[in-house]
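Okay, so here's the structure we're looking at.
Residue numbers (the working numbering): 196 to 649.
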């Protein structure tokens, strides 16, 4: 456990350097894994390999098994087999709750331990957004995470939707929920509805306009958080109404609409009859917020705060593109959820190292490159794993100094079109199930062979 914590520059008694304490880690393993046999792949060994697997550029189980063999030989233990079967079975035994609790604890520890200067007006700002990931086309995955209904059977891949709550200041994923993309109540708003109670009273939530419905805003306000959101495109804003706070800035009452079909009568009755909200228009955007005092929060500050919502898109890009979570590898729904939890735990561990490097260098964590930090940790992986205990402090200092040099360039007002320049290869699309096309090719080869032998 100490070697594993040292891999992510965790040390006792330092600011942001002990977000996942040794005693707490042992407690999680005891509570989630319980009693277990003395195996080559114990829960802690399996957990460490799983995290290294999602952080590596290879991502294969064969690479993880080779790492286990290397570690055992370096420690003077008997070498293990390179067969991936035992490791895959060990991952299946690893409790999902262990990965989720550890990931959430690392995020919570970062938010609690970070300096107050990293926050917005000494308040924690949390970003919420959703994304979609695909996985292998197996019968079990299709049953839990169906493919797009517009695609025929055998032509698509199962899709899972994930909604995450991410800290604006340190970039850690604090909470998340996973569900299918097809069926009733499977949208991003439905997943956020189940996560809202995990927000902390006094937080400021910045969200996209797909969450700008009356009931979602009322539900977030019920848990004591303030909201900044872009106005939904279907709602008309008339600045001639309400209490005028400035140019294109007013406070209005939103009346409660009729009960939607998905909401039960008891929940609807508990919803307020109206909401007092502030609407402002600036830079071509109409924003809605529960921060109604224009003297305390100006119109410009609301716009600047909402512009920071784009950080959640960059965070998802880091998780899906840099850490390769966009296409999962596991073939069962349970392992898919574990793979997502492992990615988010690993992401938070990297963010913890970045936060410590930022604190020691007197910069903000958002000024450092996630990809650059990951590259430094990959480069120092073997160095930290086999380092003598007396030299860990020096090597940790080199890691933190290297990550602190990975500064992002300042690009105020940067605009990039969401288009792709590189053309894909001119292969035809799969329009029939693969086994039918394969059988057709075999029959064609057989006909050619028979014609040649005549």
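Cβ coordinates follow ideal geometry from the N, Cα and C atoms, glycine included.
Buried or exposed: which applies to residue i, given that a residue is buried once 16 or more other Cβ atoms fall within 10 Å of its Cβ?
i           : result
residue 647 : exposed
residue 644 : exposed
residue 560 : buried
residue 368 : buried
residue 631 : exposed
residue 326 : buried
residue 458 : exposed
residue 589 : exposed
residue 353 : buried
residue 528 : buried
residue 205 : buried
residue 488 : exposed
residue 241 : buried
residue 484 : buried
residue 593 : exposed
residue 565 : buried
residue 275 : buried
residue 412 : buried
residue 203 : buried
residue 533 : buried
residue 494 : buried
residue 366 : buried
residue 463 : exposed
residue 212 : buried
residue 317 : exposed
residue 522 : exposed
residue 546 : buried
residue 307 : exposed
For the beta strand (DSSP E) containing residue i, name the first residue and the last one.
i           : result
residue 440 : 438-441
residue 265 : Looking at the DSSP string, residue 265 is not in any beta strand (DSSP E); the run it does join, the alpha helix (DSSP H), is 256-269.
For the alpha helix (DSSP H) that contains residue i, what are its first and last residues?
i           : result
residue 281 : 280-288
residue 247 : 238-250
residue 495 : 494-502
residue 510 : 505-512
residue 630 : 629-648
residue 462 : 460-465
residue 551 : 528-556
residue 570 : 565-574
residue 592 : 587-599
So who's on the other strand from residue i, going by DSSP bridges?
i           : result
residue 612 : BP columns for residue 612 are empty, so no partner.
residue 354 : 329
residue 483 : 424 and 474
residue 198 : Paired residue(s): none; residue 198 is not in a bridge.
residue 360 : 323 and 370
residue 217 : Looking at the DSSP assignment, residue 217 forms no beta bridge with any residue, so it has no partner.
residue 651 : Only positions 196 to 649 of the chain appear in the structure, and residue 651 is not among them; the question remains open.
residue 185 : Nothing in the structure corresponds to residue 185, since the chain is present only between 196 and 649.
residue 522 : 329
Does the segment 550-561 come close enough to the segment 578-586 to have 3 or more Cβ pairs within less than 8 Å? no
Taking three-plus beta-carbon pairs below 8 Å as touching, is the segment 397-407 in contact with the segment 341-354? No, the segment 397-407 does not touch the segment 341-354.
Does the contact criterion of 3 or more C-beta pairs under 8 Å hold for the segment 212-231 versus the segment 510-519? no
Counting beta carbon pairs with one atom in the segment 303-314 and one in the segment 322-330, are three or more of them shorter than 8 Å? no
Complete alpha helix (DSSP H) runs within the segment 302-352 (minimum length 4 residues, chain order): 334-339
The segment 221-238 touching the segment 269-284, judged by at least three CB pairs closer than 8 Å: Three or more beta-carbon pairs separated by less than 8 Å link the segment 221-238 to the segment 269-284, which places the two stretches in contact.
Continuous beta strand (DSSP E) assignments of at least 3 residues falling wholly in the segment 371-452: DSSP runs (the beta strand (DSSP E)) wholly in the segment 371-452: 399-402, 421-425, 438-441 and 444-450.
Assess, as a yes-or-no matter, whether the segment 288-300 is touched by the segment 472-488 under the definition of 3 or more beta carbon pairs within less than 8 Å. no
Under 8 Å: do the segment 565-580 and the segment 249-266 share three or more Cβ pairs, one atom per stretch? yes
Do the segment 297-305 and the segment 255-265 make contact, defined as three or more Cβ pairs closer than 8 Å? no
The segment 354-374 contacting the segment 501-509, beta-carbon criterion three pairs below 8 Å: yes
Answer yes if the segment 409-424 comes into contact with the segment 377-397, meaning at least three C-beta pairs across the two stretches below 8 Å, and no otherwise. Judged by Cβ distances under 8 Å, the segment 377-397 makes contact with the segment 409-424, as three or more pairs qualify.
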